[in-house]
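S.K.: There's a structure below that I have some questions on.
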Amino acid sequence: MFTKRLVLSMIFVLSILLAACAPAAAPADIVQRYYEAVNAKQLDTAMSYIADDVVFVNPIGVFSGKDSVRESLQIVMDEGITFELSNFRDTNGRIVYDYQVFVNGEQVETGTDGLTVVREGKITLDATERWEWKAYVTNVAFTADDAGFSGPDEITGGWVTISLTGEGQEPHHIQIVKLEAGKTLDDLKAALTADPESYPDWAKSFGGPNAPDPGGNTSAVVNLPAGRYALIDLIPDAEGVPHFQNGLMKALTVTEPAGDSAGEPQADATVTLDDFSFSLTGELAAGEQTIRFLNSGEQAHEAFLVRLEDGKTAEDYLNTLPGEIPPGTSLGGITGIAPDDSQYIVVNLEPGTYALYCFLPDMASHTPHFALGMMQEIVIE
Ligand SMILES: [Cu+2]
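Okay, so the sequence shown: first residue is 2 according to the numbering used here, each after it adds one.
What follows is the structure, encoded as structure tokens:
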């Protein structure tokens with residue numbers, strides 16, 4: 002005879018079995034519960050959905066690890082930022098959704114590429130599809146003063162952000178050059194001393210950050226295969242001597258990219274460099290923009306980007322007299338890239354007029370490319 006007690010204990014066992022067999026919360030549910038906790042300013046509950054190796058990318062910055070994410074969430078909550086998510090698309094725990102961002106109830110942003118990745122029930126990435134690469138890209142910092150470059154001697158390859166801080170009196174840039182056939186920095190110096198306008202066939206230009214204003218900082222996102230490289234500065238000093246002759250040369254070893262390295266950035270707009278013009282595809286807006294530079298010409302080209310002072314033209318900036326400060330602010334851009342290559346910069350654009358220049362010499366006439374048409378103004382509304 003079944004006793005009431007036996008029945009109760011069977012139900013108890015059954016409920017434990019059911020709980021153990023219950024499917025884990027779907028990744029999209031975890032994303033939803035997490036954002037509900039954020040909106041309700043329940044920091045500890047929100048953090049309970051976060052993996053130890055989490056990365057967040059948002060307009061405030063890139064945050065790696067739980068402590069750093071907790072700090073960024075605290076800012077979000079303090080600022081009264083809330084989110085509304087809809088239209089979830091789940092591909093194996095990679096959840097893409099539409100989103101609206103509110104500050105104190107007022108909508109400030111919407112998007113359709115919200116991205117949260119859930120692995121084993123925890124959030125490992127929170128970003129947008131457009132910013133995903135930023136979560137994994139390596140940042141490598143160099144400094145240039147008037148005597149030389151400083152920075153690492155060896156980095157991991159793949160897509161990396163190379164940044165440059167200018168600490169000298171003069172502007173400096175980084176031209177990355179890949180050295181083949183066992184050639185060295187000294188071989189490159191000797192070759193460029195003999196012919197400063199073209200690279201030997203064992204050297205290939207790989208771009209890099211163009212010159213910040215003295216005291217400033219610029220960066221470029223470049224894709225570097227493993228190999229041996231030279232970083233050189235081709236900008237001439239007041240006597241017309243290129244800076245690499247005065248010590249601005251550095252060897253760099255690039256090792257094989259890691260398996261989980263960053264993907265290619267997604268650009269807001271593309272600037273095509275041709276023989277001899279700049280053309281813009283897509284639209285650049287005010288705010289943070291990712292710009293792709295694509296060389297579709299037959300020669301190497303660079304893109305030096307300047308925000309002009311109000312009322313000044315691209316020519317005014319070039320026609321600055323020696324000793325005068327040019328009427329504009331450098332945003333960098335990229336140094337020379339080979340035909341068919343592309344490279345990216347991430348810059349914060351304010352409304353105003355910008356100018357692009359290529360200073361590389363034409364192989365036939367030796368005329369600088371800006372004088373052949375590679376000087377272009379762009380207006381940002
Ligand atoms: Cu050019």
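In this text, a Cβ means the ideal position worked out from N, Cα and C, and glycines have one as well.
Buried or exposed: where does Arg-90 fall if 16 or more other Cβ atoms within 10 Å of its Cβ makes it buried?
M.R.: It counts as exposed.
S.K.: Please classify Asn-140 as buried or exposed, where buried requires at least 16 other C-beta atoms within 10 Å of its C-beta.
M.R.: Label assigned to Asn-140: exposed.
S.K.: Just to confirm before moving on: does the CB-CB distance between Ser-220 and Gly-333 stay below 8 Å?
M.R.: Yes, they are a contact pair.
S.K.: Given this structure, state the Cα-to-Cα distance separating Tyr-100 from Asn-247, to the nearest angstrom.
M.R.: Answer to the nearest angstrom: the Cα atoms are 52 Å apart.
S.K.: I need the residues with a C-beta less than 5 Å from some heavy atom of ligand 1; please give them in chain order.
M.R.: Answer in sequence order: His-302, Cys-359, Leu-361, His-370 and Met-375.
S.K.: From what residue to what residue does the beta strand (DSSP E) around Tyr-230 run?
M.R.: Tyr-230 -> beta strand (DSSP E) spans 228–233.
S.K.: Measuring CB to CB, does Gly-167 end up less than 8 Å from Gly-217?
M.R.: For Gly-167 and Gly-217, yes; Cβs fall inside 8 Å.
S.K.: Helix, strand or coil for Arg-131, going by three-state DSSP, please let me know.
M.R.: Three-state result, Arg-131: coil.
S.K.: In whole angstroms, what separates the C-alpha of His-367 from that of Glu-299?
M.R.: Those two C-alpha atoms are separated by around 15 Å.
S.K.: What are the start and end residues of the alpha helix (DSSP H) that includes Ala-138?
M.R.: In the sequence under discussion, the amino acid at residue 138 is Val, which differs from the Ala named in the question. Here Val-138 belongs to no alpha helix (DSSP H), and DSSP marks it neither H nor E.
S.K.: Tell me, to the nearest whole angstrom, how far the beta carbon of Ala-52 is from that of Lys-135; I am working on the premise that it is less than 8 Å.
M.R.: Ala-52 to Lys-135, Cβ: 18 Å. No contact.
S.K.: Does DSSP put His-370 in a helix, a strand or coil?
M.R.: It is helical.
S.K.: Rounded to whole angstroms, what is the Cα-Cα separation between Met-376 and Ile-335?
M.R.: When rounded, the distance between both Cα atoms is 14 Å.
S.K.: Mapping DSSP to helix, strand and coil, what is Phe-245?
M.R.: In the structure shown, Phe-245 sits in a helix (DSSP, three-state: H, G or I).
S.K.: On the three-state DSSP scale, how would you describe Pro-327?
M.R.: Pro-327 falls in the coil class under three-state DSSP.
S.K.: Enumerate in chain order the residues of its own chain whose CB-to-CB distance from Tyr-318 is below 7 Å, with the five nearest sequence positions on each side excluded.
M.R.: Closer than 7 Å at Cβ, skipping near neighbours: Val-307, Leu-309, Pro-327, Pro-328, Gly-329 and Ala-356.
S.K.: Out of Phe-143, Ala-192 and Ala-270, which has the shortest C-alpha to C-alpha gap to Gln-344?
M.R.: Gln-344 has its Cα closest to that of Ala-270, out of Phe-143, Ala-192 and Ala-270.
S.K.: Report the option in Thr-273, Val-119, Ala-239 and Lys-42 whose CA atom is closest to the CA atom of Leu-322.
M.R.: The residue with the shortest Cα to Cα distance from Leu-322 is Ala-239.
S.K.: Under three-state DSSP, which class holds Tyr-345?
M.R.: Tyr-345: strand per DSSP, three-state reduction.
S.K.: Starting from the C-beta of Asn-88, find all residues in its chain whose C-beta is less than 7 Å away, skip the five residues before and the five after it, and write them out in chain order.
M.R.: Correct list, in chain order: Tyr-98 and Asp-99.
S.K.: With DSSP run on the structure shown, which of helix, strand or coil describes Tyr-98?
M.R.: In this structure, Tyr-98 counts as strand in the three-state DSSP scheme.
S.K.: Quickly, what does DSSP pair Gln-176 with across the bridge? List them, please.
M.R.: Gln-176 is bridged to Ile-233.
S.K.: Taking just the CA atoms, how far does Tyr-35 sit from Thr-46?
M.R.: If you take the alpha carbons of Thr-46 and Tyr-35, they lie about 8 Å apart.
S.K.: In whole angstroms, what separates the C-alpha of Lys-313 from that of Val-347?
M.R.: Each residue's alpha carbon lies about 24 Å from the other.
S.K.: Going by DSSP, what residues sit across from Val-380 in a beta bridge?
M.R.: Answer is Thr-354.
S.K.: Specify, as a first and last residue, the run of the alpha helix (DSSP H) that Thr-194 falls within.
M.R.: 186–195 is the extent of the alpha helix (DSSP H) around Thr-194.
S.K.: Here's the rule: buried if 16 or more other CB atoms are within 10 angstroms of the residue's CB, otherwise exposed. What is Leu-349?
M.R.: Looking at the sequence provided, one finds Asn at residue 349 rather than Leu. Label assigned to Asn-349: exposed.
S.K.: Helix, strand or coil, according to DSSP, for Pro-28 in the structure here?
M.R.: Here Pro-28 sits in helix by DSSP.
S.K.: For the stretch 22–85, list the beta strand (DSSP E) runs that are entirely contained and at least 3 residues long, ordered along the chain.
M.R.: Counting whole runs of 3 or more residues, the stretch 22–85 contains the beta strand (DSSP E) stretches 51–59 and 62–65.
S.K.: Suppose the cutoff is 8 Å on Cβ atoms and the five residues either side in sequence are ignored; what does the same chain contact list for Ala-390 look like?
M.R.: In this structure the chain extends from 2 to 382, so residue 390 is not present and cannot be described.
S.K.: If the criterion is Cβ atoms closer than 8 Å, does the pair Val-178 and Tyr-137 meet it?
M.R.: No.
S.K.: Measure from the alpha carbon of Ser-206 to the alpha carbon of each residue in Leu-180, Ala-26 and Leu-126, then state which is nearest.
M.R.: Taking only the C-alpha atoms, the option nearest Ser-206 is Leu-180.
S.K.: Can you round the beta-carbon distance between Gly-264 and Glu-133 to whole angstroms, since I take them to be within the 8 Å contact cut?
M.R.: The pair is a contact, with the Cβ atoms about 7 Å apart (cut-off 8 Å).
S.K.: Please name the residue in His-302, Leu-281 and Cys-359 whose C-alpha comes closest to that of Ala-315.
M.R.: Closest option to Ala-315, Cα to Cα, is Cys-359.
S.K.: If you draw a straight line from the C-alpha of Val-222 to the C-alpha of Leu-285, how long is it?
M.R.: So the alpha carbons of these two residues sit roughly 18 Å apart.
S.K.: At the level of alpha carbons, what is the spacing between Gln-267 and Gln-290?
M.R.: Whole-angstrom Cα-Cα distance: 10 Å.
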